[in-house]
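K.L.:
Below is the structure I would like to discuss, written out as structure tokens.
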Amino acid sequence: MNKTIRRASVFALLLVFALLVRATWVQFYEGRALADDKDNRRNAIETYSAPLGNIIVGGRSVTGSAPTRTGDLKYKRTYTDGPLYAAVTGYASQAYAPTQLEGIYTDLLNGTDSRLKSVMDTLTNQRAEPGNVVTTIDPDVQKAAYEALGDKKGGAVAIDPKTGKILAVVSTPSYDPSSLTDANTAGAAWQKLTADPEKPLVNRALRQPLPPGSTFKLVVAAAALEDGLYASVDERTDSPDPYTLPGTSRDLTNENPNAPCTNATIRTALEYSCNNVFAKMAVKLGQDKVKAMADKFGFDDDELDVPVRAYTSVYPSDMDPSQTALTGIGQFDVTATPLQMAMVSAAIANGGKLVSPHMVAQITDSGGDVLRDYDDAGTEEIVSSSTAEQLQSAMETVVSKGTGTNAQVPGATVGGKTGTAQHGENNSQVPYAWFTSYGKSDSSGKEVAVAVMVEQSDAARSEVSGNGLAAPVAKAMMQAALKD
Numbered sequence: 435m436n437k438t439i440r441r442a443s444v445f446a447l448l449l450v451f452a453l454l455v456r457a458t459w460v461q462f463y464e465g466r467a468l469a470d471d472k473d474n475r476r477n478a479i480e481t482y483s484a485p486l487g488n489i490i491v492g493g494r495s496v497t498g499s500a501p502t503r504t505g506d507l508k509y510k511r512t513y514t515d516g517p518l519y520a521a522v523t524g525y526a527s528q529a530y531a532p533t534q535l536e537g538i539y540t541d542l543l544n545g546t547d548s549r550l551k552s553v554m555d556t557l558t559n560q561r562a563e564p565g566n567v568v569t570t571i572d573p574d575v576q577k578a579a580y581e582a583l584g585d586k587k588g589g590a591v592a593i594d595p596k597t598g599k600i601l602a603v604v605s606t607p608s609y610d611p612s613s614l615t616d617a618n619t620a621g622a623a624w625q626k627l628t629a630d631p632e633k634p635l636v637n638r639a640l641r642q643p644l645p646p647g648s649t650f651k652l653v654v655a656a657a658a659l660e661d662g663l664y665a666s667v668d669e670r671t672d673s674p675d676p677y678t679l680p681g682t683s684r685d686l687t688n689e690n691p692n693a694p695c696t697n698a699t700i701r702t703a704l705e706y707s708c709n710n711v712f713a714k715m716a717v718k719l720g721q722d723k724v725k726a727m728a729d730k731f732g733f734d735d736d737e738l739d740v741p742v743r744a745y746t747s748v749y750p751s752d753m754d755p756s757q758t759a760l761t762g763i764g765q766f767d768v769t770a771t772p773l774q775m776a777m778v779s780a781a782i783a784n785g786g787k788l789v790s791p792h793m794v795a796q797i798t799d800s801g802g803d804v805l806r807d808y809d810d811a812g813t814e815e816i817v818s819s820s821t822a823e824q825l826q827s828a829m830e831t832v833v834s835k836g837t838g839t840n841a842q843v844p845g846a847t848v849g850g851k852t853g854t855a856q857h858g859e860n861n862s863q864v865p866y867a868w869f870t871s872y873g874k875s876d877s878s879g880k881e882v883a884v885a886v887m888v889e890q891s892d893a894a895r896s897e898v899s900g901n902g903l904a905a906p907v908a909k910a911m912m913q914a915a916l917k918d
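Numbering-wise, my numbering puts 569 at position 135 of the sequence shown, and it's gapless, one number per residue.
In structure tokens:
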């Protein structure tokens with residue numbers, strides 16, 4: 435063999451070897467990335483080649499699958515009472531990435547979760563029958579919240595304090611997930627939803643933290659009692675009215691100028707929502723102690739999964755004394771979601787212990803066998819039982835004769851706290867109305883903790899208050915949860 439032929443042969447062999455190496459690399463190393471690529475049409479064809487598994491509420495599927503009439507995607511997702519449950523289910527779309535529970539449990543619901551595979555499925559590499567997601571949502575509580583919020587812009591959450599089960603997650607205005615399921619019509623629906631100034635795709639219950647206003651006073655009161663700054667909710671405080679913010683000439687006043695807020699006890703200060711008491715209390719405690727208590731309740735947790743990742747509620751750091759004073763009344767840079775404020779009431783109602791909130795009870799295979807049970811949730815002590823009992827007593831005073839009377843529920847013991855948070859520079863925009871509470875049935879022993887945030891409504895600015903707008907929603911939710 436002459437030199438030219440030999441060199442050509444070696445070069446050809448090297449090319450073949452390079453092709454083999456590249457093929458091996460693509461198949462064994464890049465194969466998964468290519469398979470998971472969002473632009474890989476085969477993924478959508480495979481996902482929608484058969485009906486999906488379902489999301490269960492109160493023993494009933496609120497999702498389904500329907501055959502498509504055209505195209506290479508054989509099925510599309512359907513929803514029963516879509517707007518009612520949108521903040522729970524999210525959407526599974528032929529055109530867009532899934533959200534909420536649809537997104538978290540994609541593999542389970544489309545049958546690709548390895549836990550679903552039988553021996554035969556593994557041998558034949560066939561997709562298994564899809565599994566189901568069983569939620570903790572109570573349909574009656576969910577509906578009560580949705581209807582009570584009505585055309586208001588806001589969010590609401592209900593939790594069973596004893597178990598951590600989330601009974602309702604509602605965000606309004608809502609949207610119909612069914613409008614996004616079909617690839618042929620999803621684009622137009624998406625443009626309409628994203629252009630809507632009311633932002634219906636935003637989950638206001640879990641993922642829109644706003645200033646919580648006076649509902650945050652519960653956290654400050656808890657810090658003061660746990661620190662020993664005050665021995666009880668009935669010990670008088672040293673609180674001038676008005677209170678001059680430290681280092682400034684600005685006086686912090688109260689909504690009701692006739693309220694008995696001068697040197698008021700914590701009970702009276704919660705009953706009348708005295709700003710001067712909690713602003714000074716925050717300064718006296720210091721921002722580090724207030725933050726430590728806020729964080730115990732769940733603030734500043736950037737990994738709060740229920741299992742949907744909740745947006746972080748924030749208690750700020752590195753403040754001067756006047757800013758710390760404003761955080762004492764839930765202003766400055768304090769933000770919270772309805773979920774977070776429901777967690778505050780849940781811990782207080784449960785003797786100071788917070789059971790991890792969760793809205794999925796179980797995930798199952800197609801036959802109903804449990805793959806994972808989430809109801810064995812962890813518990814953390816937030817405050818002592820003594821502090822919890824005192825706060826319960828004070829919160830019950832708020833509802834029985836204070837600023838939260840609209841939350842009274844016949845046949846139940848209710849404790850709560852109102853909040854009206856300033857919005858915009860110099861409070862130039864319509865305030866946010868808040869209410870957080872718990873209810874305990876006097877006969878059945880049932881309990882529930884709720885939080886409601888009304889971001890905007892048709893009410894006149896002078897009529898915006900936690901008691902006027904948010905407390906009636908909380909009442910409806912508690913009545914639904916506590917009924918026999």
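Ideal Cβ positions, reconstructed from N, Cα and C, are used throughout, including at glycine.
Please classify Leu453 as buried or exposed, where buried requires at least 16 other C-beta atoms within 10 Å of its C-beta.
P.N.:
Locating residue 453 in the sequence shown gives position 19, counting from the first residue. Looking at its Cβ environment, which holds fewer than 16 other Cβ atoms inside 10 Å, Leu453 is exposed.
K.L.:
Please classify Arg701: does DSSP put it in a helix, a strand, or coil?
P.N.:
Indexing the sequence shown from 1 puts residue 701 at position 267. The answer is helix: DSSP assigns Arg701 an H, G or I state.
K.L.:
Three or more C-beta pairs closer than 8 angstroms, one from the stretch 900-907 and one from the stretch 823-843: is that the case here?
P.N.:
The stretch 900-907, when compared against the stretch 823-843, does touch it at the 8 angstroms Cβ threshold.
K.L.:
Pull up the distance between the alpha-carbon of Asn692 and that of Gln824, whole angstroms please.
P.N.:
Within the sequence shown, numbered from 1, the residue matching residue 692 stands at position 258. Within the sequence shown, numbered from 1, the residue matching residue 824 stands at position 390. For Asn692 and Gln824, the distance between alpha carbons rounds to 25 angstroms.
K.L.:
Measure the CB-CB distance between Val882 and Ala592 and report whether it falls below 8 angstroms.
P.N.:
On the sequence shown, position 448 is the one that residue 882 refers to. On the sequence shown, position 158 is the one that residue 592 refers to. The answer is yes: Cβ separation under 8 angstroms.
K.L.:
So, at 8 angstroms on beta carbons, what are the nonlocal neighbours of Val660 in its own chain, with the 5 sequence-adjacent residues on each side left out?
P.N.:
What you label residue 660 is simply residue 226 of the sequence shown in a count that begins at 1. According to the sequence as given, residue 660 is Glu; it is not Val. Excluding sequence neighbours, Glu660 sits near Met727, Val817, Ser818 and Thr821.
K.L.:
Is it buried or exposed, Pro844, if we count other Cβ atoms within 10 angstroms and call 16 or more buried?
P.N.:
Stepping through the sequence shown from its first residue, residue 844 is reached at position 410. Classification of Pro844: exposed, given that the 10 Å Cβ count is below 16.
K.L.:
Assuming Ser499 contacts Thr512 under a Cβ cut-off of 8 angstroms, what Cβ separation, rounded to an integer in Å, is found between them?
P.N.:
In the sequence shown, counting from the first residue as 1, residue 499 sits at position 65. In the sequence shown, counting from the first residue as 1, residue 512 sits at position 78. The Cβ separation is near 6 angstroms, so the contact holds.
K.L.:
Is the beta carbon of Lys437 within less than 7 angstroms of some heavy atom of the ligand MG?
P.N.:
The model depicted lacks the ligand MG and carries no ligand whatsoever.
K.L.:
Quick check on Asn566: does DSSP put it in helix, strand or coil?
P.N.:
Numbered from its first residue, the sequence shown carries residue 566 at position 132. Of the three classes helix, strand and coil, the one that applies to Asn566 here is strand, per DSSP.
K.L.:
Could you spell out the range, first to last residue, of the beta strand (DSSP E) harbouring Leu601?
P.N.:
The residue labelled residue 601 in the question sits at position 167 within the sequence shown. It spans Ile600 to Thr606 - the beta strand (DSSP E) in which Leu601 sits, taken as one unbroken run.
K.L.:
Smallest Cα separation from Ser612: which of Gln642, Arg684 and Thr523?
P.N.:
Position 178 of the sequence shown, counted from the first residue, corresponds to residue 612. Comparing Cα-Cα distances from Ser612 to each of Gln642, Arg684 and Thr523, the minimum goes to Thr523.
K.L.:
Using beta-carbon positions only, say whether Thr678 and Arg684 come within less than 8 angstroms of one another.
P.N.:
Translated into the one-based positions of the sequence shown, residue 678 becomes position 244. Translated into the one-based positions of the sequence shown, residue 684 becomes position 250. Yes.
K.L.:
Beta-carbon separation of Met777 and Gly732 under 8 angstroms?
P.N.:
Position 343 of the sequence shown, counting from 1, holds the residue named residue 777. Position 298 of the sequence shown, counting from 1, holds the residue named residue 732. Yes. Within cutoff.
K.L.:
How many Å lie between Ala578 and Ala908 at the Cα?
P.N.:
The residue labelled residue 578 in the question sits at position 144 within the sequence shown. The residue labelled residue 908 in the question sits at position 474 within the sequence shown. Approximately 9 angstroms, taken between the alpha carbons.
K.L.:
Under the DSSP definition of a beta bridge, which residues are partnered with Ser499?
P.N.:
For this step, residue 499 is matched to residue 65 along the sequence shown. Arg511.
K.L.:
Using beta-carbon positions only, say whether Thr771 and Tyr745 come within less than 8 angstroms of one another.
P.N.:
On the sequence shown, position 337 is the one that residue 771 refers to. On the sequence shown, position 311 is the one that residue 745 refers to. Result yes, Cβ atoms of Thr771 and Tyr745 sit closer than 8 angstroms.
K.L.:
For the candidate residues Gly598, Arg549 and Leu535, whose alpha-carbon lies nearest to that of Val567?
P.N.:
Your numbering for residue 567 matches position 133 in the sequence shown. Nearest C-alpha to Val567: Leu535.
K.L.:
Take the Cβ of Asn436 as the centre, count every other Cβ of all protein chains shown within 10 Å, and call the residue buried at 16 or more, exposed below.
P.N.:
Residue numbering aside, residue 436 sits at position 2 when the sequence shown is read from its first letter. Under this definition Asn436 is an exposed residue.
K.L.:
Could you check where the alpha helix (DSSP H) with Ile797 kicks off and where it finishes?
P.N.:
Walking along the sequence shown from the start, residue 797 turns up at place 363. Unbroken run through Ile797 is the beta strand (DSSP E), Val794 to Thr798; no alpha helix (DSSP H).
K.L.:
If you draw a straight line from the alpha carbon of Lys880 to that of Lys874, how long is it in whole angstroms?
P.N.:
In the sequence shown, the residue the question calls residue 880 occupies position 446. In the sequence shown, the residue the question calls residue 874 occupies position 440. Each residue's alpha carbon lies about 6 angstroms from the other.
K.L.:
Our contact map puts Gly487 next to Leu543 with C-beta atoms below 8 angstroms; I'd like the distance itself, whole angstroms only.
P.N.:
Reading the sequence shown from its first residue, position 53 is the one you call residue 487. Reading the sequence shown from its first residue, position 109 is the one you call residue 543. Yes, Gly487 and Leu543 are in contact; Cβ-Cβ is about 4 angstroms, under 8 angstroms.
K.L.:
Looking only at DSSP bridge pairs, what is Gln625 linked to?
P.N.:
Translated into positions along the sequence shown, residue 625 becomes position 191. Bridge partners of Gln625: none, in fact.
K.L.:
For Thr813 versus Leu788, is the C-beta spacing smaller than 8 angstroms?
P.N.:
Sequence index remark: in the sequence shown, residue 813 carries index 379 (1-based). Sequence index remark: in the sequence shown, residue 788 carries index 354 (1-based). It is a contact, given that the beta carbons lie within the stated cut-off.
K.L.:
Does the Cβ-Cβ distance between Met829 and Gly853 come in under 8 angstroms?
P.N.:
Here residue 829 corresponds to residue number 395 of the sequence shown, with the count starting at 1. Here residue 853 corresponds to residue number 419 of the sequence shown, with the count starting at 1. No; because the gap between Cβ atoms is not below 8 angstroms, this pair is not in contact.
K.L.:
Would you kindly work out how many angstroms separate the C-alpha atoms of Ile763 and Lys551, rounded to a whole number?
P.N.:
Reading the sequence shown from its first residue, position 329 is the one you call residue 763. Reading the sequence shown from its first residue, position 117 is the one you call residue 551. When rounded, the distance between both Cα atoms is 53 angstroms.
K.L.:
Give the single residue among Asn690, Gly681, Thr682 and Lys714 whose Cα lies nearest to the Cα of Asn697.
P.N.:
By one-based count along the sequence shown, residue 697 stands at place 263. The shortest C-alpha separation from Asn697 is found at Lys714.
K.L.:
Which of the three DSSP states is assigned to Arg441 in this structure?
P.N.:
Here residue 441 corresponds to residue number 7 of the sequence shown, with the count starting at 1. Correct three-state label for Arg441: helix.
K.L.:
Going by C-alpha distance, which of Gly588, Ala855 and Thr831 is nearest Thr847?
P.N.:
The residue labelled residue 847 in the question sits at position 413 within the sequence shown. Cα-wise, what sits closest to Thr847 is Thr831.
K.L.:
How many Å lie between Arg638 and Ser779 at the Cα?
P.N.:
Position 204 of the sequence shown holds residue 638. Position 345 of the sequence shown holds residue 779. The alpha-carbon atoms of Arg638 and Ser779 are separated by roughly 18 angstroms.
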